[in-house]
Amino acid sequence: MLKTKAKQSEHKEITIPEEKGLGSWLVRLLKGVLIGIGAILPGLSGGVLAVIFGVYDYLMVFLSNLTKDFLKRLKYFLPIGIGGIVGLLVFSVAVAYAFSSYEPIFVCLFLGFVVGTLPTIFRKAGAEGRGVKEMVSLVLALGVIVALMLLGGSYLPQIAPSFPVWIGGGFLIGLGVIVPGLSTSNFLMYLGLYDKMAQGVKDLEPMVVIPIIIGVGLTVIMLAKAAAWMFKTHYSIVYHILFGLVLGSCVGIVPTIVWPALQAAGLDRMGLSLPVAIAFCILAFFLGTLLSFLFSFLEKKYET
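Under this note's numbering, the first residue of the sequence shown carries the number 489, and numbering increases by one thereafter.
Below is the structure:
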């Protein structure tokens with residue numbers, strides 16, 4: 489039975505936390521690294537990881553009004569931003585290697601990490617109660633993101649890279665930040681741009697990196713105000729939508745990313761038989777879940 493929503497005179501006000509010392513700073517740095525990696529992982533998005541790390545709503549509030557307490561708020565987001573850049577640039581090489589050789593195992597590791605946080609997100613979504621509207625929003629969001637993941641590649645053409653195209657790629661990446669669960673890496677692969685983008689970022693090619701930054705920046709700043717307004721006026725519904733998007737990305741990633749990578753070509757690259765590869769995927773999934781619990785412990789200890 490669904491819990492009836494409590495009557496409230498005001499919707500939940502989102503307040504960005506104060507700086508709380510080195511331990512908190514380092515945990516937020518690690519969050520940023522993982523969010524940056526998530527932004528380039530097929531099947532995931534930086535927005536999904538921002539939600540599971542509890543910084544998504546804070547980020548939308550910050551970006552929607554950059555002039556309000558800018559320096560004070562910047563102190564909270566600085567380690568996340570540094571970590572995000574490190575995740576995108578430094579780890580892109582390691583991620584590219586892991587995906588070229590052991591894609592399904594690596595994806596299952598991150599999938600386990602995300603799944604391990606789902607109970608926490610669900611509790612947070614129900615902080616103001618849970619009614620029919622919230623559950624309908626959750627189911628619709630889940631259905632939409634699964635449908636996009638399953639059908640997205642069927643209707644998108646391959647396009648040649650150019651400065652305007654990379655701005656469009658940045659727009660897609662920015663959209664993945666604002667809309668958790670929307671794996672823009674998948675769409676970039678469908679368009680034939682993902683490998684070129686990863687190589688361009690790794691080599692720091694200005695004609696790739698600069699337009700992507702422009703596209704991401706414009707998209708996030710333009711849409712963050714709308715997201716912050718939604719949180720302020722419809723907190724419970726918005727958080728249930730976010731939960732549906734995150735859950736949907738977990739459901740959709742198995743048939744779109746993991747299972748295709750376990751076919752003959754993928755098994756040859758890994759040098760594994762199907763039963764052994766599946767066993768490694770299961771182990772990676774449970775390891776990711778365990779790591780998510782450990783990370784949750786660190787979050788509580790250092791109150792990030």
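Cβ atoms here follow ideal geometry from the backbone N, Cα and C, with glycine treated the same way.
Remember, predicted model here, so these are calculated numbers, not experimental data.
Other residues of its chain near residue i: CB distance less than 7 Å, five sequence neighbours each side excluded
i, result
"V447", "In the structure as shown, the chain begins at 489 and stops at 792. Residue 447 is therefore absent and cannot be evaluated."
"G657", "L676, L681, M685, I700 and G703"
"S589", "R757 and M758"
"T672", "S533, L660, I661, L663 and G664"
"F651", "M695 and P699"
"P649", "L681 and K684"
"V726", "M718 and F719"
Per-residue DSSP class, three states only, for residue i
i, result
"V667", "coil"
"H728", "helix"
"Q687", "helix"
"F675", "helix"
"D545", "helix"
"S737", "helix"
"L660", "helix"
"R516", "helix"
"E473", "One cannot answer for residue 473 here, as it falls past the ends of the chain, which runs 489 to 792."
"E693", "coil"
"A756", "In the sequence on display, residue 756 carries Asp and not Ala. Here D756 sits in helix by DSSP."
"I647", "coil"
"K495", "Low confidence applies here, because K495 scores a pLDDT of 44, under 50, leaving its location unreliable and the question unanswered by this model."
"V711", "Per the sequence shown, residue 711 should be read as Leu rather than Val. L711: helix per DSSP, three-state reduction."
8 Å Cβ shell around residue i - same chain, five flanking residues per side excluded
i, result
"F773", "C596, L597, L599, G600 and V603"
"L775", "L597 and G600"
"W717", "S552"
Close beta carbons around residue i, own chain, < 6 Å, minus the five adjacent residues each side
i, result
"G524", "G572, G575 and L576"
"F579", "I525"
"M637", "G740 and T744"
"V746", "P592 and V595"
"L750", "P592 and A765"
"M548", "A712, A715 and A716"
"F541", "K519"
"S780", "F601, G604 and T605"
Nearest-angstrom beta carbon gap, residue j and residue i [assumed within contact, 8 Å]
i, j, result
"F550", "F565", "6 Å"
"G664", "G534", "6 Å"
"K690", "V581", "6 Å"
"S761", "T608", "Contact flag wrong, Cβ pair sits at about 36 Å."
"A613", "H728", "5 Å"
"I666", "L711", "5 Å"
"I504", "Y546", "5 Å"
Cβ of residue i within 7 Å of any chain D Cβ
i, result
"V602", "In summary, chain D is missing from the structure at hand, where a single protein chain is found."
Discussion item. Below 8 Å, how does it come out for the segment 596-611 and the segment 696-707: are there three or more Cβ pairs, yes or no?
Written reply: no
Worksheet item: Three or more C-beta pairs closer than 8 Å, one from the segment 559-568 and one from the segment 722-732: is that the case here?
Response: no
Item to complete: Decide yes or no for the touch test of the segment 614-627 against the segment 540-560: beta carbon pairs closer than 8 Å, at least 3 of them.
Response: no
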